[in-house]
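Chains A and B, in that order, give the protein sequences.
Under the working numbering, the residue at position 44 of the first sequence is numbered 911, and the numbers go up by one with no gaps.
Under the working numbering, the residue at position 3 of the second sequence is numbered -3, and the numbers go up by one with no gaps.
Every residue, glycine too, gets a C-beta built ideally from N, C-alpha and C.
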Amino acid sequence: MSHEDAHGRDRYLVARIHEALLADERLHEQALELTVVGVARIAVRGEVATPERRAAALELIRSLAADTEIIDDLRVSSTHADTQPEEL
Amino acid sequence: VTVRVAAAGDIHVGRDTNGRLAAALDGIEECADLLLLAGDLTQVGSEEEAGCVVAELAAVPIPIVAVLGNHDYHADQAERVVGLLTDAGIRVLEGDGTVVRVGDLDVGVAGVKGFCGGFPGRSASEFGEPIMREFVGHTVAIARQLERALDELDGDVRIGLLHYSPVVDTLIGEPPEIHPFLGSYLLAEAIDRTEPDLVFHGHAHRGSERGVTPGGVRVRNVAQSVLRAPFRVYELPGAHHNGDAAAHDALRASA
């Protein structure tokens, strides 16, 4: 498989992962960003509400992209409130 | 005289939230007079998740006003979700408004979910196949609801509450290809014709917090992932109908 073919394959894989993240009943996640950053390498960015959803998302992605390196930049929503107001 | 409005969007409560949001909101009354929720309260809008939302918000002692988001419609149980939230004392808006008394001020909030369509020069039109006309027609109808609700809204402070964005400014950070699925300029037109003091929305998880409509109304994207916090507080002067028109004009001019 050429570099271009592999890149194209990974783009379809990203589309399938997006659909799976939305359909998975642990997640129903629509807003994660998956970027093909090289041959067999995908970066995952974004924020989920709980540590359980972060683990579930990574498990799902790795199960669908078994031969692909996943660069994990997911984070869990902060529970620390910034109480300083913006004065308008 | 000012009002402190806490706002958050896209809280996406589910069975696994387990009090995380309740803990984050603990003591909110120390810094805010009112909590606004800009949609996507749940993951799929099931009755069970609505019960989880009620549980997470049960200890919040300040008034809560919310709109639903697209996720809250997925399970086709939106009516029941609204019923459960309403029974718990949360005011859920869809094409209407409410006035909350805070100290000496009346704070008016008009809310709609909003919908898609895009922004000037790159927007969908109510033309062609029936499904396309229906798609854009949904946005047109909601924009009219928003305009009517804001027009009829009284208060010393007037706020618009949406899920979808009325402007591109607060989408910066999102891929431009998906902007038409994140909001519509028709919502901004409704806002500019009725001039609220501030507008909140969510939905754009990778967007930016601050924007302004072409008519000068401030817009804030309060999706939790944008704020990187469970909520943010905005302090507004009560300058609309209390005789301090100059302060109101100054607020809009400074946008």
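Within the segment 136 to 222 of chain B, the complete beta strand (DSSP E) segments at least 3 residues long are 151 to 155, 192 to 195, 204 to 206, 212 to 215, listed from N- to C-terminus.
Close partners of Leu927 of chain A in chain B (Cβ separation under 9 Å) are lacking, with about 15 Å as the shortest Cβ gap. Taking 8 Å as the CB threshold, Leu931 of chain A stays off the interface with chain B. For Arg912 of chain A, same chain residues with a beta-carbon under 6 Å away, outside a window of 5 residues either side, are Glu900, Asp940 in chain order.
Shortest Cα-Cα distance from Val216 of chain B to any of B:Gly196, B:Cys110, B:Glu168 involves B:Gly196. Below the 8 Å Cβ cutoff, chain A contributes Ser944, Ser945, Thr946, His947, Ala948 as neighbours of Pro224 of chain B, in chain order. Leu78 of chain B is positioned such that its CB atom lies closer than 8 Å to that of Val48 of chain B. The DSSP-derived three-state label of Val915 of chain A is strand. Beta bridge pairing from DSSP links Ile84 of chain B with no other residue. By a beta-carbon distance limit of 8 Å, Gly201 of chain B does not contact His157 of chain B. Their separation comes to about 13 Å. By the 16-neighbour rule on beta-carbons within 10 angstroms, Phe121 of chain B is exposed.
Straight across, the Cα-Cα distance linking Thr11 of chain B with Cys25 of chain B is about 24 Å. Counting along the chain, Arg14 of chain B sits inside no beta strand (DSSP E); it lies in the alpha helix (DSSP H) bounded by residues 14 to 19. Glu73 of chain B has no beta-bridge partner at all, per DSSP. Per DSSP, Ala60 of chain B is one residue of the beta strand (DSSP E) stretching across 58 to 61. Interface annotation, Arg920 of chain A: in contact with chain B, CB-CB separation under 8 Å.
Residues of the same chain with a CB within less than 7 Å of the CB of Arg921 of chain A, apart from the 5 flanking positions on each side, are Val915, Leu941, Val943 in chain order. The segment 176 to 184 of chain B makes no contact with the segment 925 to 932 of chain A: fewer than 3 CB pairs, one atom from each, lie closer than 8 Å.
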